Amino acid sequence: MPILNKMITTLSGVMLATALTAVEATTPEEDREQFVRYNTERFPNVPAEEFVNGAYAIDPIGRENWEAIEEFPPYEPFIEDGEAMWNTPFANGKGYSDCFPKGPAIAADYPRWDREKGMVVTLPLAVNQCRQAHGEKPLKYKKGSINNILSYIAYESRGEVTRVEIPADDPRALAAYEAGKKFYFTRRGQLNFSCANCHLQNSGNQVRSEILSPPLGHTTHWPVYRAKWGTVGTLHRRFSGCNENIRAKALKAQGEQYRNLEYFLTYLNNGQVLNGPGARK
Amino acid sequence: MMKRGVIAKSLLLWILSMVALPLFAGEKEQAVELLAAAQKAEKRAATVDGVWRDVGKYIANAEKALEAGDYKKSMELAQIAKEQSELGFQQMVSQQELKIPSYYK
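Sequence order for the protein chains is F and A.
Numbering-wise, the first sequence is residues 200 to 480 according to my numbering.
Numbering-wise, the second sequence is residues 7 to 111 according to my numbering.
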């Protein structure tokens, strides 16, 4: 207990010392330009198309291992299972292609603002909306077979370009983006860290055994096979893990907060090329 | 003289009430009360998404200790959960307005 208290006081002392500036309102596009500038100025030697490879764009040793892993990608069986899911009719005879007539290369269409529902719809949510519309049980959002269908969709969407839209004529969409932005800069948990503290302020620095990747490229390669997980997991599973690492209680996968966070972060990645599924430590 | 006696007496009473009364109140009742206060604090932190990771565990273990009759342990755990929840609540409330940190320029 005393050690804990001491730690908290020390930490909050350090944190309070960081200068904050009042916000001037910026547009999402201004935010995106600033984000790209910050990343490229911080990592001037990383070629523009390399940011989608996360820490392996800046860590030569990690990269060597990763390239070896990518020769026999650990996510491959999940893509195959996902393809089988896509092609297996639901109990009512319909299938995923009835909901997604364009076919499986749809990852770049998400997350998107759903005007009727007044909310951000992510790809995992759309997958479950499809299932439920056809009388199937929804899949879990962090672990399990949702990752198979997502792996297949990600694979089929490789090469597409991130292009999130914030419709100008619906202020609720901008509000959702702003909520995601607020989340990214809000300190949470016992360690009092925001996403930005690690991924902007400290990108390139080491945390425990990991090098913090530049956040440009963070949304392009989901789901991800993580050695630590021993399987493929969703973006919201990663959000949960990052929240728990700073000793905050994770929020609900596909709840409003994480969907808005995804909307914000993916918008900042507009122009980045999709390369999922990914492999990470 | 008289006045000083009154002061001394009331002081004695006051000290007695501070020290002795809590000892008389059942330890069990205190533990139950503290646990309820911790749960309330957690709910309040949740309204601003400010719950810290281990609060749920502290509360669950405080409940177990209470059931097992280990009131001292239950109160220790509930106290941590309560304090952390209060800090988590304040943490979020203090950041209601978005501020862009100076390092991000």
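Heads up, the beta-carbon is just placed ideally off N, CA and C, and yes, glycines get one too.
Computed from a predicted structure; not experimentally measured.
### Task
Return the residue from the list A:ARG59, A:ILE86, A:THR53 that minimises the CA-CA distance to ASN391 of chain F.
It is A:ARG59.
### Message
Just to make sure I have the definition right: I need the residues of chain F whose C-beta is within less than 7 Å of the C-beta of TYR77 of chain A. Which are they?
### Response
Those do not exist, as TYR77 of chain A stays about 17 Å from chain F at its closest Cβ, beyond 7 Å.
### Task
Can you have a look at ASN396 of chain F and say buried or exposed, based on whether 16 or more other CB atoms are within 10 angstroms of its CB?
Label assigned to ASN396 of chain F: buried.
### Message
Assuming ILE106 of chain A is part of the alpha helix (DSSP H), what are its boundary residues?
### Response
Where ILE106 of chain A is concerned, there is no enclosing alpha helix (DSSP H), although the beta strand (DSSP E) it sits in stretches over 105-107.
### Extent of the continuous alpha helix (DSSP H) run through TYR376 of chain F
Start and end: 370-384.
### Query
To the nearest angstrom, how far is it from the Cα of VAL360 of chain F to the Cα of TYR237 of chain F?
So the two alpha carbons sit approximately 21 Å from each other.
#### Entry: Three-state secondary structure (DSSP) of VAL251 of chain F
Helix at VAL251 of chain F.
### Query
Near LYS293 of chain F, what residues of its chain come up, given a Cβ to Cβ distance below 6 Å and the 5 sequence neighbours on each side ignored?
The residues are HIS333.
### Message
Within a Cβ cutoff of 7 Å, which residues of the same chain sit near MET200 of chain F, ignoring the five residues on either side of it in sequence?
### Response
Legend: pLDDT at MET200 of chain F = 36, less than 50; position of this residue unreliable, value from coordinates given subsequently. Apart from sequence neighbours up to five positions away, no residue of its chain approaches MET200 of chain F with a beta-carbon distance below 7 Å.
### Query
With a CB to CB cut of under 6 Å and the five nearest residues on each side skipped, what residues in its chain are close to GLY379 of chain F?
The answer, listed in chain order, is ASN459, LEU460, TYR462, PHE463.
#### Entry: Per-residue contacts from LEU104 of chain A into chain C (C-beta, under 9 Å)
Here chain C cannot be found, since the structure's protein chains are F and A.
### Query
At a Cβ threshold of 8 Å, is TYR64 of chain A touching chain F?
Contact with chain F is absent for TYR64 of chain A, since none of that chain's Cβ atoms lies less than 8 Å from the residue's Cβ.
### C-alpha gap between GLN96 of chain A and SER439 of chain F, whole angstroms
When rounded, the distance between both Cα atoms is 22 Å.
### Message
Quick check on the burial criterion: 16 or more other C-beta atoms within 10 angstroms. Buried or exposed for LYS15 of chain A?
### Response
Burial call: exposed.
### Message
Just to make sure I have the definition right: I need the residues of chain A whose C-beta is within less than 8 Å of the C-beta of ASN391 of chain F. Which are they?
### Response
What ASN391 of chain F touches in chain A: GLN97.
### Assigned secondary structure, ILE13 of chain A (DSSP; H/G/I helix, E/B strand, else coil)
Judged by DSSP in its simplified three-state form, ILE13 of chain A adopts helix.
### Message
Going by DSSP, what residue range makes up the beta strand (DSSP E) through VAL431 of chain F?
### Response
Taken as a continuous stretch (DSSP letters only), the beta strand (DSSP E) holding VAL431 of chain F covers 430-432.
### Query
List, in order along the chain, the chain A residues whose C-beta lies closer than 7 Å to that of ALA447 of chain F?
Correct list: TRP58, ARG59.
### Message
Between which two residues does the alpha helix (DSSP H) holding ASP313 of chain F run?
### Response
Not the alpha helix (DSSP H): ASP313 of chain F falls in the beta strand (DSSP E), residues 311-313.
### Query
On the three-state DSSP scale, how would you describe TRP421 of chain F?
Coil.
### Task
Could you tell me the distance, in whole angstroms, from the CA atom of PHE250 of chain F to the CA atom of PHE271 of chain F?
Roughly 22 Å between the two C-alpha positions.
### Task
Please work out which residues of its chain come closer than 7 Å, Cβ to Cβ, to VAL235 of chain F, disregarding the five sequence neighbours upstream and downstream, and give them in chain order.
Within the same chain, and ignoring the five residues on either side of VAL235 of chain F in sequence, the residues whose Cβ sits closer than 7 Å to its Cβ are LEU415.
### Task
Could you please give the first and the last residue of the uninterrupted beta strand (DSSP E) stretch that includes VAL319 of chain F?
Membership of VAL319 of chain F in the beta strand (DSSP E) is indicated by the continuous run 318-320.
### Message
Just to confirm my understanding: we take ASN401 of chain F, look at its own chain, exclude 5 residues before and 5 after, and list those with CB closer than 6 Å. What are they?
### Response
The residues are LEU411.
### Query
Can a CB atom of chain F be found closer than 8 Å to the CB of GLN90 of chain A?
Yes, contact with chain F.
### Query
Can you find at least 3 beta carbon pairs, one from the region 47-54 of chain A and one from the region 80-96 of chain A, that sit closer than 8 Å?
Flag = yes, the region 47-54 of chain A and the region 80-96 of chain A touch.
### Task
Give a yes or no on whether 8 Å exceeds the smallest Cβ distance from MET229 of chain F to chain A.
Sequence inspection shows Glu at residue 229 of chain F; the Met mentioned does not correspond to that position. Closer than 8 Å: no.
### Task
Compare the Cα-Cα distances from LEU384 of chain F to each of F:CYS394, F:GLN331, F:ARG446, F:ALA375 and report the closest residue.
Note on residue identity: the sequence assigns Phe, not Leu, to residue 384 of chain F. Comparing alpha-carbon positions, the option among F:CYS394, F:GLN331, F:ARG446, F:ALA375 lying closest to PHE384 of chain F turns out to be F:CYS394.
### GLN400 of chain F at chain A interface by Cβ criterion, 8 Å
Chain A, which has a Cβ nearer than 8 Å to the Cβ of GLN400 of chain F, makes this yes.
### Query
Does DSSP put GLN405 of chain F in a helix, in a strand, or in coil?
Assigned with DSSP and collapsed to three states, GLN405 of chain F falls in strand.
### Query
What runs of the alpha helix (DSSP H), each 4 residues or longer, lie entirely inside the region 43-73 of chain A?
Qualifying alpha helix (DSSP H) stretches, in chain order: 61-73.
### Stretch pair the region 240-249 of chain F + the region 311-331 of chain F: three plus CB contacts closer than 8 Å
Because the criterion of three Cβ pairs below 8 Å is not met, the region 240-249 of chain F and the region 311-331 of chain F do not touch.
### Message
Whole angstroms are fine: how far does the CA of LEU72 of chain A sit from the CA of LYS79 of chain A?
### Response
Spanning the two alpha carbons is a distance of roughly 8 Å.
### Within 7 Å of chain A by C-beta, residues of the region 438-464 of chain F in sequence order
Against chain A - using a Cβ distance shorter than 7 Å - the residues of the region 438-464 of chain F are GLU443, ARG446, ALA447, LYS448, LEU450, GLN456.
### Query
Hey, ILE365 of chain F and TYR466 of chain F: beta-carbon distance below 8 Å or not?
Yes.
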